[in-house]
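Asker:
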Amino acid sequence: MPTLTVAGTPYDCAEQETVLDALSRHGVAVPNSCRKGACQSCLMRAMDGPVPTKAQAGLKETFVHEGYFLACQCQPDGDLTLASPDAASPFQQATVVFTEPLADTVQRVVLRPETPLRYRAGQFVNLRRPDGPIRSYSLASLPGSVPELEIHVKRLPGGAVSNWICDTLRSGDTVEIGLPTGTCFYLPAREPQNILLIGTGTGIAPLFGIARDALLAGHQGDIHLYHGSRTREGLYLHHPLRDMHAAHGNFHYHPCVSGRDVPDDCIAGRANDIALEDFGDLSGWRLFLCGLPDMVHATRKQAYLQGARLADIHADAFELAARDDASVKAPAAVSG
Ligand SMILES: Cc1cc2nc3c(=O)[nH]c(=O)nc-3n(C[C@H](O)[C@H](O)[C@H](O)COP(=O)(O)OP(=O)(O)OC[C@H]3O[C@@H](n4cnc5c(N)ncnc54)[C@H](O)[C@@H]3O)c2cc1C
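Count along the sequence shown starting at 1, add 427, and that's the number in the working numbering.
#1: At what residues does the alpha helix (DSSP H) containing residue 705 begin and finish?
#2: Whole angstroms is fine: what's the gap from residue 733's alpha carbon to residue 645's?
#3: Return the first residue and the last residue of the alpha helix (DSSP H) that residue 709 is part of.
#4: Please list the terminal residues of the continuous alpha helix (DSSP H) segment that includes residue 491.
#5: Three Cβ pairs or more, each shorter than 8 Å: is that satisfied between the stretch 499-515 and the stretch 583-594?
#6: Which residues in the same chain have their Cβ closer than 7 Å to the Cβ of residue 467, if we skip the five residues on either side of it in sequence?
#7: Tell me, please, which residues DSSP counts as bridged to residue 581.
#8: Look at the alpha carbon of residue 514 and the alpha carbon of residue 471, and state the distance between them as a whole number of angstroms.
#9: Enumerated in chain order, which unbroken segments of the beta strand (DSSP E) with a length of 3 residues or greater are wholly contained in the stretch 552-618?
#10: If contacts are defined as beta-carbon pairs under 8 Å, then residue 431 and residue 507 qualify, I think. What distance do you get, rounded to the angstrom?
#11: When the Cα of residue 463 is compared with those of 443, 499, 738 and 434, which residue comes out closest?
#12: Roughly how many angstroms lie between the CA atoms of residue 611 and residue 429, to the nearest whole one?
#13: Below 8 Å between beta carbons: does that hold for residue 576 and residue 633?
#14: So what does DSSP say about residue 429, is it helix, strand or coil?
#15: Name the DSSP bridge partner or partners of residue 718?
#16: Got a sec: does ligand 1 put a non-hydrogen atom nearer than 7 Å to the Cβ of residue 709?
#17: With distance defined between alpha-carbon atoms, name the residue in 626, 493, 695 and 676 nearest to residue 726.
#18: Can you tell which of 629, 616, 662 and 666 has its C-alpha closest to the C-alpha of residue 650?
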């Protein structure tokens, strides 16, 4: 049975048990949210001992070399000496610059971190509510001259953090955010390459950043962006995306509505079905998929079957937090 040593104290870890489950069982607090390896809020660092490869999937190469791993994905093969859980993913204060509704159920929040952050368009940050629960939000902003970060938050019925953000956060309040993370971002290609971006709901937030980043970099090749929603109202970036479509010869915006009442300027059906049908052969394409986990997982599989290389498919499934974390009640905001 492996032993986990944290700050000099040994804890047993049962066979097949994850580091996150073992430490939680012993009362050691490890920040966490989705428990599926998506949000990376349970990042920890091994100072000594073997880290299973699976526990480092999706992490930056430098992090892998330095022994970082995801506690929720780590079933250790041997004893591990670990740095204290909070040391691996530092949080800092950010001030809410402003917040406004983008649609009935989507709130735009602009944050100014105390220390400007280096990030790539499309990455996400973990946001911690004052009493502890952590959720991930993708960045819709572009890194550059302004230090502000923009996130789009969908209000989920009964959702602990999204409702707190939409109902309670106001300009001047402060929140805690972690370092930008994730591998869903644009890198310039050496040769012209077509790009397909598919997002549902607030999955459009990171794609909006990625598409603008690619255009700014002078991307050679077509860029097709499909945004899907059940209603036209849910296509909350319709106008800026139509403007981008008009302004750039290689940028193509495809608004898709899957419910009834499909307006003339939208396509009827689900964004992923339509996009995959429009381009049968995806060999050589680069794909970005963000939003509903079922859509992201199914589309990744289908895109691979249609010829895309797995290494060319970048995806962020908006996984929910594990159930035991979802029931926390919302406190008041910290006023600034
Ligand atoms: C990488 C990443 C990026 C993300 N980016 C964004 C983004 O840009 N914008 C955005 O709006 N969201 C994003 N999310 C989702 C976000 O992190 C939160 O999960 C979301 O805001 C809901 O949090 P909540 O606390 O409001 O809801 P929760 O309190 O966590 O729960 C929401 C609802 O789902 C139910 N529920 C909870 N857990 C489960 C479960 N396991 N299975 C089924 N139902 C459950 C609850 O009862 C509740 O009704 C992202 C997630 C990830 C992992």
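Backbone N, C-alpha and C fix where the C-beta goes; we use that ideal spot for every residue, glycine too.
Answerer: Short version:
#1: 698-705
#2: 27 Å
#3: Premise fails: residue 709 is in no alpha helix (DSSP H) and is neither H nor E.
#4: 488-492
#5: no
#6: 497 and 608
#7: 533
#8: 8 Å
#9: 561-565, 576-581 and 601-604
#10: 5 Å
#11: 499
#12: 34 Å
#13: no
#14: coil
#15: 744
#16: no
#17: 626
#18: 616
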